[in-house]
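Its first residue numbered 160, the sequence shown is counted upward by one per residue in the working numbering. C-beta atoms are modelled at their ideal positions from N, C-alpha and C, and glycine is treated no differently.
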Amino acid sequence: MSKPVRTRFAPSPTGFLHVGNVRAALFPWLIAKQANGQLILRIEDTDQAREVEGAIEIMKETLSWIGISWDEGPDIGGPVGPYTQSERKESYLAWAQKLIDKGRAYADPYTPEELEALRDKAKAEKKPFLFRDYRPDNPPTWDGTQPLRFKSEPKAYQWHDEVMGDLSAGPEAVDDFIIIKSDGFPTYNFAHVVDDYEMSITHVTRGLEYISSQPKYLNLYEALEIPVPILVHMPHVMGTDGKKKLSKRDGAKSLLQYRDEGFLPEAMLNFLASLGWNDGTEQEIFTREELFEKFRLDRIQKAGARFDEQRLLWMNGHWIRQLTLDDLYARSKTFWQAEANNYDDDYKKQVLALIQERLKFFAEIPELTSFFFKDLPVNMELIDGNKQLKKLSHEELKALLEQAKATIEQSDFSASDLTDRLNQLLETTGQKPGILFSLIRIASTQAPFSPTLADTLSVLGRETTLRRIEATLASL
Ligand code: GLU
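Laid out in structure tokens, this is it:
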């Protein structure tokens with residue numbers, strides 16, 4: 160029987176998670192889910208200087224928001240914990256000792272300045288710098304205060320990566336590297352190999368930036384006499400310009416910021432999955448269940464995936480349209496403007512129904528709906544600056560709006576009755592909808608856009624509609 164699939168998401172607690180970071184959690188989660196395996200959350204906090212207070216909580220909140228769950232981790236424990244690297248020092252020391260005993264690790268005698276000088280020398284001689292060229296002949300006994308270095312056995316490698324294919328590298332890619340720093344913490348290079356083994360990780364999924372170090376890790380696996388897991392280097396998520404990897408430095412937003420702007424977790428999940436993966440068809444919309452079913456390692460693409468916020472907006476709009484009105488309303492509750500509190504749920508739902516079709520994210524709700532909750536001041540610019548309306552004089556517009564008011568007054572304000580009457584009015588006035596309907600819409604909303612006119616008036620109701628039309632008439 161083959162081993163149960165175990166994957167891991169191993170963030171360093173250095174800040175919030177952006178789209179690229181969460182995509183790095185999504186793929187291992189899908190690999191595990193689909194094989195009835197487990198996802199392990201491991202906190203890689205060995206670079207204590209880079210640690211950001213509160214980052215772990217934010218990470219967990221982010222993953223939970225989009226529904227990525229882990230089976231073992233620092234908070235829930237598990238059989239191979241602890242799941243935080245700073246609590247696993249004993250393990251690293253035990254494995255480091257094994258290397259020392261085999262003559263495969265040594266105390267690094269150089270000060271940072273001496274190392275720098277060696278690097279400069281190599282540069283001056285136009286030679287690639289390899290630490291192993293400067294190994295000390297008689298290294299001091301390691302007392303825990305010096306860095307401990309892996310003694311590599313350089314050779315050429317050929318290996319397979321599930322995404323990047325068959326790869327190879329020459330011996331120059333293998334060098335001695337620090338495994339335990341002088342502060343007693345292991346390096347990423349060492350700790351992840353030890354942890355992945357001790358945690359029975361079957362698939363190592365990580366960013367492409369690590370692929371050039373793979374020969375070094377292969378050399379370390381051999382020295383430690385542990386098997387190499389399945390390697391899955393994921394394509395970068397590129398910034399909007401498609402040129403550089405998405406990064407906080409270049410303004411990538413926290414995923415929680417998208418939540419706070421009213422993006423739906425199912426849309427975000429769908430979007431993230433599409434960054435570097437497709438199922439080989441034209442399908443773009445995937446539910447979580449479909450992702451469990453259809454995700455395939457061999458369909459992860461090699462090329463970087465561009466982060467296209469327009470596409471995210473489109474997807475979110477799609478997912479918003481799928482929601483029932485009650486669900487949409489329940490989820491949108493915190494996004495309404497203060498004035499909306501004066502109205503009951505039923506009214507707000509009617510408003511929401513009118514904008515559901517074109518709503519892209521909830522933070523747009525106040526802008527799209529403000530006129531449903533308060534009278535906006537009459538803004539003549541909307542009329543005078545309107546391409547169609549400016550062809551008519553104010554007198555002509557006034558006469559037209561008077562006529563419209565008389566017709567609208569007759570209505571029972573159901574959307575269908577308003578539709579009929581407005582259409583009749585088109586005929587009796589001989590005007591184009593671009594003129595007649597724009598005029599009525601501007602008069603009754605004072606907004607440049609609104610949902611369908613009859614629907615809008617129906618929800619606004621008789622009293623508000625007529626009051627606003629009168630205010631505009633008085634200004635014309
Ligand atoms: N801590 C590493 C990072 O945040 C994880 C890389 C890996 O998954 O091995 O980049």
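Three-state secondary structure (DSSP) of residue i
i, result
"residue 404", "strand"
"residue 434", "coil"
"residue 269", "coil"
"residue 606", "coil"
"residue 517", "coil"
"residue 172", "coil"
"residue 397", "strand"
"residue 374", "helix"
"residue 165", "strand"
"residue 497", "helix"
"residue 386", "coil"
"residue 593", "helix"
"residue 479", "helix"
"residue 489", "helix"
"residue 345", "strand"
"residue 247", "coil"
"residue 444", "coil"
"residue 465", "strand"
"residue 194", "coil"
"residue 614", "helix"
"residue 187", "helix"
"residue 505", "helix"
"residue 360", "coil"
"residue 220", "helix"
"residue 632", "helix"
"residue 424", "helix"
"residue 624", "helix"
"residue 354", "helix"
"residue 510", "helix"
"residue 279", "helix"
"residue 242", "coil"
"residue 451", "helix"
Residue i, buried or exposed, once every other Cβ within 10 Å from all chains shown has been counted against 16
i, result
"residue 244", "buried"
"residue 408", "exposed"
"residue 247", "buried"
"residue 484", "exposed"
"residue 279", "exposed"
"residue 275", "exposed"
"residue 444", "exposed"
"residue 305", "buried"
"residue 582", "exposed"
"residue 207", "exposed"
"residue 336", "buried"
"residue 519", "buried"
"residue 607", "exposed"
"residue 212", "exposed"
"residue 480", "exposed"
"residue 429", "buried"
"residue 535", "exposed"
"residue 546", "exposed"
"residue 196", "buried"
"residue 221", "buried"
"residue 539", "exposed"
"residue 192", "buried"
"residue 600", "buried"
"residue 589", "exposed"
Integer Cβ distance of residue i from residue j, believed to fall under 8 Å
i, j, result
"residue 502", "residue 532", "6 Å"
"residue 251", "residue 349", "7 Å"
"residue 359", "residue 165", "5 Å"
"residue 199", "residue 232", "7 Å"
"residue 374", "residue 322", "With a Cβ gap of about 17 Å, residue 374 and residue 322 do not count as contacting."
"residue 466", "residue 494", "Contact flag wrong, Cβ pair sits at about 24 Å."
"residue 394", "residue 463", "5 Å"
"residue 176", "residue 433", "Wrong, their Cβ atoms sit about 18 Å apart, outside the cutoff."
"residue 345", "residue 205", "6 Å"
Residues bridged to residue i [DSSP beta-bridge criterion]
i, result
"residue 231", "199"
"residue 413", "177"
"residue 366", "393"
"residue 459", "436"
"residue 236", "232"
"residue 264", "309"
is_contact[residue i, chain B] using C-beta, thresh 9 Å
i, result
"residue 615", "The chain labelled as chain B is not found in the depicted structure, where only one protein chain is given."
Cβ-heavy atom distance, residue i to the ligand FMN, below 8 Å
i, result
"residue 169", "Only the ligand GLU can be found as ligands here, which leaves the ligand FMN out of the picture."
Secondary structure, beta strand (DSSP E): runs of 3+ residues fully inside the region 284–342 = 307–309, 316–320, 324–328, 337–339
key: Every unbroken beta strand (DSSP E) inside the region 525–607 [3 residues or more]   = none
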